[in-house]
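Participant:
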Amino acid sequence: GNGTSSENDAAQAPEATASSKCLNQASVPYVLFLHSLVMALASGASVKYFPLFFKELGLTDAEVQIVFAAVPLSIAAFSFVCQRLSTRLGRIEASVLLDLIGVSLLFLMTFLSRNESNLASADKGLIVVVYLLRTGIMNGSYPLLESILMDAIPSNRRARWKSLESIASFGWTGSALAGGILSDGHSYRFTFAITASMQLFGTVL
């Protein structure tokens with residue numbers, strides 16, 4: 001009797017593992033979509049207001065233009081770093097790590113600019129560097145998530161999931177309005193802190 005029971009348990013164990021893997025695989029696109037939606041809503045609340053934030057810190061129009069001209073270079077550099085990191089840690093682990101670093105840097109930006117009316121030039125320069133690092137890291141990890149999503153869904157359903165990204169883009173526009181209201185009512189730093197908090201939530205999903 002015990003032998004038969006043990007054999008049944010042994011036979012059921014691989015089945016349970018297989019069904020668990022299927023369930024995990026099936027849930028990946030939904031989790032990634034929710035993650036992308038939260039991150040897009042969070043980013044939308046802030047991204048349009050970084051130029052105004054830098055002008056409020058005392059940067060000239062020319063200096064602000066230079067900062068944003070450097071953004072694509074930062075993203076390109078960190079896209080390369082992300083790919084290298086993913087081969088060592090795994091794509092999901094690398095993506096989570098980079099998002100956590102990016103969120104931490106945005107919190108650091110809000111902290112460094114707490115006395116924005118009395119900032120020295122060196123402090124302004126540090127805030128700019130932190131911004132470029134944060135923007136490069138947060139955007140550089142996007143290809144990793146995209147590759148995870150494409151691997152997790154059948155090829156005949158990929159167009160459907162790609163179309164869902166337009167929902168995130170629509171939400172991005174709405175959250176930009178919310179970010180403007182928050183910035184007017186409080187400050188850009190307050191809005192950035194809200195963004196960082198939402199992105200932290202999106203990262204731990």
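Each step along the sequence shown adds one to the number in UniProt numbering, with nothing skipped, and position 59 is 59. Positions of the beta carbon are idealized from the N, C-alpha and C atoms, including for glycine. It should be emphasised that the depicted structure is a prediction, and the values quoted were computed from it without experimental measurement.
1) Going by alpha carbons, who is nearest to residue 179 out of 31, 29, 40?
2) Report the rounded CA-to-CA distance for residue 194 versus residue 182, giving the unit in angstroms.
3) Who are the Cβ neighbours of residue 139 in its own chain at under 6 angstroms, not counting the five residues just before and after it?
4) Use the C-beta contact count for residue 29: other C-beta atoms within 10 angstroms, 16 or more gives buried, fewer gives exposed.
5) Suppose the cutoff is 6 angstroms on Cβ atoms and the five residues either side in sequence are ignored; what does the same chain contact list for residue 107 look like?
6) Give every residue of the same chain whose Cβ lies closer than 8 angstroms to the Cβ of residue 89, excluding the five residues on either side of it in the sequence, and list them in chain order.
7) Does residue 52 pass the burial test, meaning 16 or more other C-beta atoms within 10 Å, or should it be called exposed?
8) Give the straight-line distance between the Cα atoms of residue 44 and residue 202, rounded to the nearest whole angstrom.
9) Please report the distance separating the alpha-carbon of residue 119 from that of residue 199.
10) With DSSP collapsed to three states, give me the class of residue 184.
11) Smallest Cα separation from residue 102: which of 134, 147, 78?
12) Taking its Cβ as the centre, do 16 or more other Cβ atoms sit within 10 Å of residue 191, making it buried, or is it exposed?
Facilitator: According to the structure shown:
1) Against the sequence shown, residue 179 aligns to sequence position 179. Checking every option, the nearest Cα to that of residue 179 belongs to 40.
2) Here the question's residue 194 lines up with position 194 in the sequence shown. Here the question's residue 182 lines up with position 182 in the sequence shown. Looking at the two C-alpha atoms, the distance is approximately 9 angstroms.
3) Here residue 139 refers to the residue found at position 139 of the sequence shown. Cβ within range, chain order: 75.
4) Your numbering for residue 29 matches position 29 in the sequence shown. Its Cβ being crowded by 16 or more others within 10 Å, residue 29 is buried.
5) Mapped onto the sequence shown, residue 107 falls at position 107. Excluding sequence neighbours, residue 107 sits near 196.
6) To locate residue 89, count along the sequence shown from 1; it is residue 89. These residues qualify, in order along the chain: 97.
7) Residue numbering aside, residue 52 sits at position 52 when the sequence shown is read from its first letter. The Cβ neighbour count for residue 52, taken over all protein chains shown within 10 Å, is under 16; the residue is labelled exposed.
8) Mapped onto the sequence shown, residue 44 falls at position 44. Mapped onto the sequence shown, residue 202 falls at position 202. About 14 angstroms.
9) Within the sequence shown, numbered from 1, the residue matching residue 119 stands at position 119. Within the sequence shown, numbered from 1, the residue matching residue 199 stands at position 199. Cα to Cα, residue 119 sits roughly 27 angstroms from residue 199.
10) Taking the first residue of the sequence shown as 1, we reach residue 184 at position 184. Reduced to three states, the DSSP call for residue 184 is helix.
11) In the sequence shown, residue 102 corresponds to position 102, counting from 1. Nearest C-alpha to residue 102: 134.
12) Here residue 191 corresponds to residue number 191 of the sequence shown, with the count starting at 1. It is buried - the Cβ of residue 191 has at least 16 other Cβ atoms within 10 Å.
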